[in-house]
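Just below is one structure, and these are the notes that go with it.
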Amino acid sequence: MSTLVQPQEERVPIKSRVWISLADSAVAILQSLVAASALTYYFVKLRGLETGLAGTVWLLFGIWNAVNDPLLGYISDRTRSKIGRRLPYIRYGSPFLALAFIVLWLNIPGSDGNQTLMFIQMLIGLFLYDTLYTSIATNIYIMPYEMAVSNKARSTIYIWKILFMVFTIVVPMALEGLKPDVGDAAGIEAFRWQMIGVGVLMAALVYISTFFYREKNFTQEQKQPPFLSAIKECFTNRSFVVFETISFTVIFAQTALMQGIWLYFDEIDVPKTILYVALAAGIIGGVVLWVKQREKWGLKTCTRIMSLVFAIGCLALLVGGHQVVIAAFGFLCFGFGFAGGMYLIPLMNGDVVDYDEHKTGLRREGMYAGINSLITKPAISIAQWALLTIIAAFGYDQSLANGMQSAAAETGILVGWVAPTGVLLLISFLALTFYPLTGSSWEQIKKQLAMLHREKEKKYLEERGYTYVE
């Protein structure tokens, strides 16, 4: 005999919202250290790997980095287990993620001064780490769609995720202040163990988090198209193609700017505290601005303004990176750009997926997440390669102690740090002119989709004993 369940509004417990957001932030911190800041600095500056070899590592790694995302997303979509199709990868993958992260920082016997061994360690370590990172991060990204059905319930998760994303900027920058100088053996050893400790802690938080949220298995009831057909559908979506210009650029910018800041503070005599305060002010002000003005200006206009402000910040650092006032202005603009990347880009991605649903009748967030990574993940490798190549061309010598580079090398750091990013941001500003999801026609489509979602959500929730609340 069945038991009647009292209808109730769908809610995501606050502990679930906090822990999924914490897990998202934890893997993002590890990714920032590996792809956007500490790892290249560690191998090139502290261990002496030649910049050309390090750049080659990132280019070779970029091939696998681009392929594994849609592949692992496809596998995840078709996984079936008692605890769901996303949760197993997050829970049981986290210990292995910690081990792969540790491999990157170990001082393998005989590798000191051996360019070949350091090259192999960095390359293989990146392959292992990114495979595990992708399988975990992709499923964490999708998890809100598995935890809740109603848009109202899901939105409560995203608020917490935005709050926790602040740590993905703060923690790597805090660790930047702990980095040792060239030749400081004890400092390098301490730095190595600090990185290993961060890796173990972040992976432990991810593992623990999996006991505080669960899947509802709603999306696995939908039949998904074959792998190649799913890819083709993505690239026939014009809004997705245009969106990828800014999506690629934001990943490139986050990688290049976070990596370059380590070299910048090594060689340019500017006060860190003032610049970090300017950056924080930009992030806080940016979040307030974009949240407040998004509906008034529209998502497309806000994203274009964000791109232009970000590019202006790059120009300011390029021409006045030695002067504290101009540098502070540049960091302020960076903050507005980082805030836009955290808030505006996911919303635009959501619109792209909504339009796909309008065309195909299916919700395919997972596949779009994988294809987006297929395009944007190479930005990480290209940004690393571009920075290393440019500073080498300007005469950067990684064997010198901090503050000892030539004037030409200092110029190379500024050029490699901000010039490619600034150019890409200007290209994105222009490309977004052709972004089609705006205006009254798109608003009408959104209203139709909202009505369709309400009907689907109402039916699904009421079948499981919940009442639908507007």
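Take 0 as the starting number for the sequence shown in numbering that gives the first Met the number 0 and just add one per residue.
C-beta: ideal position from N, C-alpha, C; glycine also.
Considering only their Cβ atoms, is the gap separating residue j from residue i smaller than 8 Å?
{"i": "Arg363", "j": "Val351", "result": "no"}
{"i": "Ser380", "j": "Asn64", "result": "yes"}
{"i": "Thr50", "j": "Ile412", "result": "no"}
{"i": "Lys44", "j": "Gln404", "result": "no"}
{"i": "Val26", "j": "Ile135", "result": "yes"}
{"i": "Phe335", "j": "Gly281", "result": "yes"}
{"i": "Ile89", "j": "Val205", "result": "yes"}
{"i": "Phe251", "j": "Thr420", "result": "yes"}
{"i": "Ile161", "j": "Ala22", "result": "no"}
{"i": "Gly285", "j": "Leu386", "result": "no"}
{"i": "Trp416", "j": "Ala277", "result": "no"}
{"i": "Asp129", "j": "Ser372", "result": "no"}
{"i": "Ala418", "j": "Leu317", "result": "yes"}
{"i": "Leu177", "j": "Phe166", "result": "no"}
{"i": "Thr388", "j": "Gly47", "result": "no"}
Give me the Cα-Cα distance between residue i and residue j, rounded to the nearest whole angstrom.
{"i": "Ile101", "j": "Lys376", "result": "22 Å"}
{"i": "Gly72", "j": "Ala430", "result": "28 Å"}
{"i": "Pro270", "j": "Thr235", "result": "49 Å"}
{"i": "Val56", "j": "Leu98", "result": "20 Å"}
{"i": "Pro94", "j": "Ser24", "result": "17 Å"}
{"i": "Trp296", "j": "Leu38", "result": "39 Å"}
{"i": "Leu436", "j": "Asp183", "result": "54 Å"}
{"i": "Ser328", "j": "Met305", "result": "Looking at the sequence itself, residue 328 is Phe, so the reference to Ser does not match. Distance between the alpha carbons of Phe328 and Met305: 15 Å."}
{"i": "Ser15", "j": "Phe211", "result": "5 Å"}
{"i": "Ala310", "j": "Trp261", "result": "20 Å"}
{"i": "Gln292", "j": "Gly438", "result": "16 Å"}
{"i": "Leu96", "j": "Ala34", "result": "15 Å"}
{"i": "Val169", "j": "Gln120", "result": "28 Å"}
{"i": "Arg10", "j": "Trp441", "result": "29 Å"}
{"i": "Ile325", "j": "Val308", "result": "14 Å"}
{"i": "Met0", "j": "Lys458", "result": "Low confidence applies to Met0: its pLDDT is 38, below 50, so where it sits in the model is not reliable enough to give any reading."}
{"i": "Ala114", "j": "Gly394", "result": "In the sequence as presented, Ala is not what sits at residue 114; that position holds Gln. When rounded, the distance between both Cα atoms is 19 Å."}
{"i": "Ile62", "j": "Arg85", "result": "25 Å"}
{"i": "Ala408", "j": "Tyr144", "result": "48 Å"}
{"i": "Met117", "j": "Phe433", "result": "45 Å"}
{"i": "Gly198", "j": "Gly186", "result": "18 Å"}
{"i": "Met201", "j": "Tyr132", "result": "12 Å"}
{"i": "Phe42", "j": "Ala406", "result": "23 Å"}
{"i": "Ala382", "j": "Ser110", "result": "26 Å"}
{"i": "His321", "j": "Ser208", "result": "44 Å"}
{"i": "Asp268", "j": "Ile283", "result": "26 Å"}
{"i": "Lys445", "j": "Glu294", "result": "14 Å"}
{"i": "Leu58", "j": "Val414", "result": "20 Å"}
{"i": "Val287", "j": "Leu127", "result": "39 Å"}
{"i": "Thr137", "j": "Tyr91", "result": "14 Å"}
{"i": "Thr359", "j": "Trp159", "result": "31 Å"}
{"i": "Val181", "j": "Glu175", "result": "14 Å"}
For residue i, which residues of its own chain have a beta-carbon under 6 Å away from its beta-carbon, when the five flanking residues on both sides are left out?
{"i": "Asp265", "result": "Asn401"}
{"i": "Leu125", "result": "Phe60"}
{"i": "Ile195", "result": "Ile101, Trp104"}
{"i": "Thr2", "result": "With a pLDDT of 43 at Thr2, under the threshold of 50, the modelled position of that residue is not reliable, and no figure is offered here."}
{"i": "Phe330", "result": "Leu274, Ala277, Leu278"}
{"i": "Arg153", "result": "Pro143, Ala147"}
Using C-beta distances below 7 Å, list every residue in its chain close to residue i, excluding the 5 sequence neighbours before and after it, in chain order.
{"i": "Ile426", "result": "Thr244"}
{"i": "Ile370", "result": "Pro69, Ile230, Cys233"}
{"i": "Met257", "result": "Ser31, Ala35, Ser36, Pro171"}
{"i": "Ala298", "result": "It is worth fixing the name first, because residue 298 is Leu in this sequence and not Ala. Closer than 7 Å at Cβ, skipping near neighbours: Leu343, Leu346, Met347, Asp350."}
Please look up how many angstroms separate the CB atoms of residue i and residue j, rounded, as I've assumed it's under 8 Å.
{"i": "Met341", "j": "Phe242", "result": "Actually they do not touch by this definition, with Cβ atoms about 16 Å apart."}
{"i": "Ile19", "j": "Ile141", "result": "With a Cβ gap of about 11 Å, Ile19 and Ile141 do not count as contacting."}
{"i": "Gly319", "j": "Cys332", "result": "Wrong, their Cβ atoms sit about 12 Å apart, outside the cutoff."}
{"i": "Leu343", "j": "Thr302", "result": "5 Å"}
{"i": "Glu214", "j": "Gly83", "result": "3 Å"}
Excluding the 5 residues preceding and the 5 following residue i in the sequence, name in chain order all residues of the same chain whose CB lies nearer than 8 Å to its CB.
{"i": "Pro87", "result": "Thr78, Ser80"}
{"i": "Asp355", "result": "Glu232, Cys233, Asn236, Phe239, Leu361, Arg363, Tyr367"}
{"i": "Leu448", "result": "Asp353, Glu356, His357"}
{"i": "Trp289", "result": "Cys301, Met305, Ala338, Gly339, Tyr342, Leu343"}
{"i": "Leu423", "result": "Phe247, Thr248, Phe251, Ala252"}
Is the closest heavy atom of the ligand SAH to the C-beta of residue i under 7 Å?
{"i": "Gln120", "result": "Ligands in the displayed structure: none, and consequently the ligand SAH is not present."}
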